[in-house]
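In full-length UniProt numbering, the protein residues as written are 1 to 282.
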């Protein structure tokens, strides 16, 4: 079973509107009016923004429904806008046949929910890193999508191995001598000019042991833990892959490193579930 990605591999270009928006959102002074003007060129994205802005959780106490894109962007905030942009980019980049436990719908829902959790946890423990950890959450399993797109037959064999052995993709890759999807995805994202910090988080998102991340700066360890925790929670709350079995136990040592209590984790999950529900198509 071989799934070799050449060093010079390039992803298809990110949709232009999404790329422009994501670059602009890294500017702390990003203006909603300028964003609205750029985003108005894409009817699909505009509709998604308006739908979210007019959902119950964003309407409460914020006035009547709106058809104005600038008002909608201001209402949902830049973090939720970034969420919509990356999901749009993923949906317009990857096409693959279902591979047993792995299908496109569950892939995007999983990445979206992981990202929502990452952003909320980061607001509590590392506010300056929200954009990076949110992006990493959205793209952490891009390596799996690439495998499913380019090597569908072999990837289906991998998915079968995962199901038959009741293990997870990361463990199966190690057992079969394959390049880890986290490293593969991180390499491929060079095409999209994703910030180095985001790619590092993706590359290490399946490493639970601290001695496996010795090359990372100290401030990155907490962010990797947040991404790891969010990934586990997504699977345990039904945002995983069909019939996919993985260990969803959460170690208290991880929560201590992140400086989170179980009650705070439950609160974050509750908020993320509400946002995820509002983002779903009608």
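Think of the CB as a built atom: it goes at the ideal place given N, C-alpha and C, for glycine as much as any other residue.
Short check: CB of residue 278 to CB of residue 135, under 7 Å?
-> Going by C-beta atoms, residue 278 is not nearer than 7 Å to residue 135.
Opening and closing residue of the alpha helix (DSSP H) in which residue 202 lies | Note, residue 202: alpha helix (DSSP H), 196-203.
Whether residue 96 touches residue 149 by CB criterion (7 Å) | With a cutoff of 7 Å on beta-carbon distance, residue 96 and residue 149 are scored as near each other.
Measure the C-alpha to C-alpha separation of residue 109 and residue 167 and round it to an integer number of angstroms.
-> Distance between the alpha carbons of residue 109 and residue 167: 21 Å.
Residue 188 versus residue 9: straight-line alpha-carbon distance, rounded = About 7 Å.
Determine the direct distance from the alpha carbon of residue 116 to that of residue 41, and round the result to whole angstroms.
-> So the two alpha carbons sit approximately 26 Å from each other.
Determine, using beta-carbon pairs with one atom in the stretch 18-33 and one in the stretch 68-82, whether at least three such pairs fall under 8 Å.
-> Taking 8 Å as the limit for Cβ pairs, the verdict is that the stretch 68-82 does touch the stretch 18-33.
Quick one, are the C-beta atoms of residue 113 and residue 145 less than 7 Å apart?
-> Taking a C-beta distance under 7 Å as the contact criterion, residue 113 and residue 145 do not qualify as a contact pair.
Local Cβ density within 10 Å of residue 225, reported as buried at 16 or more and exposed below that | Counting Cβ neighbours within 10 Å, residue 225 comes out buried, since at least 16 surround it.
Those runs of the beta strand (DSSP E) which lie wholly inside the stretch 110-150 and span at least 3 residues | Listed in chain order, there is nothing to give.
Among the residues of its own chain, which have a CB less than 7 Å from the CB of residue 252, if the five just before and after it don't count?
-> Same-chain partners within the cutoff: there are none.
Per-residue DSSP class, three states only, for residue 13 | Coil, per DSSP.
Less than 8 Å between the CB atoms is what I'm expecting for residue 181 and residue 147, so what's the real figure, rounded?
-> The C-beta separation of residue 181 from residue 147 comes to about 6 Å, placing the pair in contact by the 8 Å criterion.
Strand pairing of residue 99, partner residues [DSSP] = Residue 99 is bridged by DSSP to 102.
From residue 55 to residue 138, what does the alpha carbon distance come to, in whole angstroms?
-> C-alpha separation (whole angstroms): 22 Å.
Just how far apart, CA to CA, sit residue 165 and residue 171?
-> Residue 171 has its alpha-carbon roughly 10 Å from the corresponding atom of residue 165.
Give me the Cα-Cα distance between residue 174 and residue 206, rounded to the nearest whole angstrom.
-> Cα-Cα distance, rounded: 11 Å.
Leaving out five residues before and five after residue 81 in sequence, what residues of the same chain have Cβ atoms less than 8 Å from its Cβ?
-> Closer than 8 Å at Cβ, skipping near neighbours: 21, 25, 35, 49, 73.
Residue 154 versus 70, 61, 100, residue with shortest Cα-Cα distance = Comparing Cα-Cα distances from residue 154 to each of 70, 61, 100, the minimum goes to 100.
If residue 222 sits next to residue 257, beta carbons under 8 Å apart, how far is it from one beta carbon to the other, in whole angstroms?
-> Yes, they are in contact, since the Cβ atoms of residue 222 and residue 257 sit about 6 Å apart, within 8 Å.
CA-to-CA distance, residue 45 to residue 84, given in whole angstroms | Their backbone Cα atoms lie some 8 Å apart in a straight line.
Taking the alpha carbon of residue 208 as the point to measure from, which residue in 195, 231, 2, 194 has its own alpha carbon closest?
-> By alpha-carbon distance to residue 208, the top candidate from 195, 231, 2, 194 is 231.
Would you mind working out which of 160, 63, 69, 190 sits nearest residue 51, comparing C-alpha positions?
-> Closest by alpha carbon: 69.
Since residue 121 contacts residue 260 with CB under 8 Å, what's their CB separation in whole angstroms?
-> Confirmed, about 7 Å.
If you compare alpha carbons, which of 64, 18, 118, 65 is closest to residue 90?
-> It is 18.
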